[in-house]
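Residue numbers (the working numbering): 3 to 373. Inspection log for the structure reproduced underneath, given as structure tokens.
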Amino acid sequence: STYTYLRIMSALSMTTAVTAKVAIAGKSVVSKRNVAAAPSKRGQLVIQNASQKEMRDRIASVGSTKKITDAMKLVAAAKVRKAQDAVINARPFSEQLVKVLFAINGKLQGEDVDAPLCAVRPVKTCLIMLCTGDRGLCGGYNNFAIKKCETRVQELEEQGVKCKLILVGKKANTYFKRRPQYTVVKGFNMGQSPTTQEAQAVADEIYSEFVGEEVDKVELVYSKFVSLIASEPIIQTLLPLSKEGEVCNSEGQCIDAKNDEIFRLTSEDGQLVAKSEKVETETAQFEGVMQFEQEPNQILDSIMPLYMNGIVLRALQESLASELAARMNAMANASDNAKDLKNRLNKEYNQKRQAKITSEIIELVAGASAL
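As structure tokens, then:
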């Protein structure tokens, strides 16, 4: 009869909607009802008999996630420009200090001057200062810096050099705290805007270790800000300082950033676009004629720590700018993925909704024909 036919069709429709499963990028999100796993390729979206309510909930959840990642992207974009400005504004002082240091050393050539921070000793113990971020959600930024530090420690230990660590950033502190094979001298937080006082605290710890001959060499491991889409973990020699005021890496190559490239964020066609430009800082020429009112040792003892503090502050600022740029890129990628996923879910939802409507129409036509 017509009543029996409609009951059978209704039962079949209910049976096909018993299970639901959504597999996204190889990870499965299972609904409250049990379901058997189905083979799928990694990176493909596979939806198995999900109800319309579950589909709507999933689409709304992805939309909410996209709003969060968009907001985090804009916040990081605003902060990275501020971090760039801090690096640019601090450069005139550091460049002028290098000129003073170079001029003083030029006048002191041939004299017996003892500068503790320039003392070169046989390297038996090396102190490594590692800079990471305090938070995650920035792609592989923290992981790359930590792996660079571990690789450097392994290289030095293979050469018979002991290593100590000074950690800046919560991520580095958390990572190495769980690994007792590393000797950690002290840990610091990176913060949202490195200041001179914070750099001074780190530099004082380095100064006491080196001058007290606890270590014979100090190296910095941090992410050098290259562009908004690239940062490079580098190893830089901090102590012993070069008397000429050059900043060199572990291989003796000069890595001074003479012409920094800053990136300005503008909008074109409703999208954020990064435009780069070269910035040259103007500094006054240093007068070559000078007279010493104090002993040369006293002058160098005052200038060398100040110069070292500037290098540490620059490393902290570069690390922060790299972290913010990495977070901006990570959130941009997350927003793009969420948008793509939402479009695919909407397409699948519309197809299933249309199929259900078609099935109901067929049932009504079949029932009317039976009458």
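In this text, a Cβ means the ideal position worked out from N, Cα and C, and glycines have one as well.
| request: Pick helix, strand or coil for Y177, following the three-state DSSP scheme. | output: One-based indexing of the sequence shown puts residue 177 at position 175. Helix, per DSSP.
Going by beta carbon distance, what residues of the same chain come within less than 6 Å of M131, once the five residues before and after it are set aside?
For the purposes of this step, residue 131 is identified with residue 129 of the sequence shown, where counting begins at 1. So the list reads I168, L222, once near-sequence residues are dropped.
So for Q238, helix, strand or coil by DSSP? Walking along the sequence shown from the start, residue 238 turns up at place 236. If DSSP states are grouped into helix, strand and coil, Q238 belongs with the strands.
Checklist entry - Along the chain, which unbroken stretches of the alpha helix (DSSP H) at least 4 residues long are found entirely within the region 66-150? => result none
(message) If distances are taken between C-alpha atoms only, which option among E362, E350, A370, F95 comes closest to E56?
(response) Locating residue 56 in the sequence shown gives position 54, counting from the first residue. That would be E350, whose Cα lies nearest to the Cα of E56.
Worksheet item: From the DSSP output, which residues share a beta bridge with F227?
Response: In the sequence shown, residue 227 corresponds to position 225, counting from 1. F227 is bridged to S233.
F178 versus E215 - alpha carbon distance
For this step, residue 178 is matched to residue 176 along the sequence shown. For this step, residue 215 is matched to residue 213 along the sequence shown. Approximately 24 Å between the Cα atoms of the pair.
Could you tell me whether the region 157-177 touches the region 337-350, where touching means 3 or more Cβ pairs closer than 8 Å?
no
Could you tell me which of Y184, K173, K81, K101 sits nearest to L129, measuring between CA atoms? To locate residue 129, count along the sequence shown from 1; it is residue 127. Ranking the options by Cα distance to L129, first place goes to Y184.
Considering only the alpha carbon of each residue, which of A174, Q156, F95 lies closest to F146?
Along the sequence shown, read from residue 1 onward, the residue named residue 146 stands at position 144. Closest option to F146, Cα to Cα, is A174.
### Query
Can the beta-carbon of C140 be found less than 8 Å from the beta-carbon of L318?
Here residue 140 corresponds to residue number 138 of the sequence shown, with the count starting at 1. Here residue 318 corresponds to residue number 316 of the sequence shown, with the count starting at 1. No, they are not a contact pair.
* **Residue environment, K219, which counts as buried when at least 16 other CB atoms sit within 10 Å** => Translated into the one-based positions of the sequence shown, residue 219 becomes position 217. Note on K219: 16 or more other CB atoms within 10 angstroms of its CB, so buried under the neighbour-count rule.
- Buried or exposed: E160, going by 16 or more other Cβ atoms within 10 Å of its Cβ? In the sequence shown, counting from the first residue as 1, residue 160 sits at position 158. Per the 10 Å Cβ criterion, exposed.
>> Here's a check: name, in chain order, each residue in its chain whose Cβ is nearer than 7 Å to the Cβ of A85, leaving out the five neighbours to either side.
In response: Taking the first residue of the sequence shown as position 1, residue 85 is located at position 83. The answer, listed in chain order, is Q319, L322, A323, L326.
Simplified DSSP assignment, three categories, for E325: Against the sequence shown, residue 325 aligns to sequence position 323. Helix at E325.
- Item | Cross-strand partners of K341 (DSSP beta bridge) | Numbered from 1 along the sequence shown, position 339 holds the residue referred to as residue 341. Beta-bridge pairing links K341 to no other residue.
- Message: What would DSSP say about G377, mapped onto helix, strand or coil?
- Response: Within the shown structure, residues of the chain are numbered from 3 to 373, placing residue 377 beyond reach of any answer.
Alpha-carbon spacing of I301 relative to V89, whole angstroms: Indexing the sequence shown from 1 puts residue 301 at position 299. Indexing the sequence shown from 1 puts residue 89 at position 87. In a straight line, the C-alpha of I301 is about 27 Å away from that of V89.
K149: buried (16+ other C-beta within 10 angstroms of its C-beta) or exposed? Taking the sequence shown and counting its residues from 1, the one referred to as residue 149 is at position 147. So K149 counts as exposed.
| F190 classed as buried or exposed, judged by whether at least 16 other C-beta atoms fall within 10 angstroms | Against the sequence shown, residue 190 aligns to sequence position 188. Buried.
- Query: From which residue to which residue does the beta strand (DSSP E) around V170 run?
  - Reply: Residue mapping note: residue 170 aligns to position 168 of the sequence shown, counting from 1. For V170, the enclosing beta strand (DSSP E) begins and ends at 164-170.
Using the Cβ count rule (16 or more neighbours within 10 Å means buried), how would you classify Q199? For this step, residue 199 is matched to residue 197 along the sequence shown. The residue in question, Q199, is exposed, as its Cβ has fewer than 16 Cβ neighbours within 10 Å.
Q. What residues in its chain sit with their C-beta under 6 Å from that of I208, if we drop five residues either side in the sequence?
A. Taking the first residue of the sequence shown as position 1, residue 208 is located at position 206. Only V220 meet the Cβ criterion.
Q) Would a C-beta distance cut-off of 8 Å place T127 and V213 closer than the cut-off? A) Counting from 1 along the sequence shown, the entry for residue 127 is found at position 125. Counting from 1 along the sequence shown, the entry for residue 213 is found at position 211. The answer is no: Cβ separation not under 8 Å.
From which residue to which residue does the alpha helix (DSSP H) around V213 run? Here residue 213 corresponds to residue number 211 of the sequence shown, with the count starting at 1. In the DSSP assignment, V213 falls within the unbroken alpha helix (DSSP H) covering 198-213.
Is the beta carbon of F95 within less than 7 Å of some heavy atom of the ligand ADP?
-> Looking for the ligand ADP in the displayed structure turns up nothing, as the structure carries no ligands at all.
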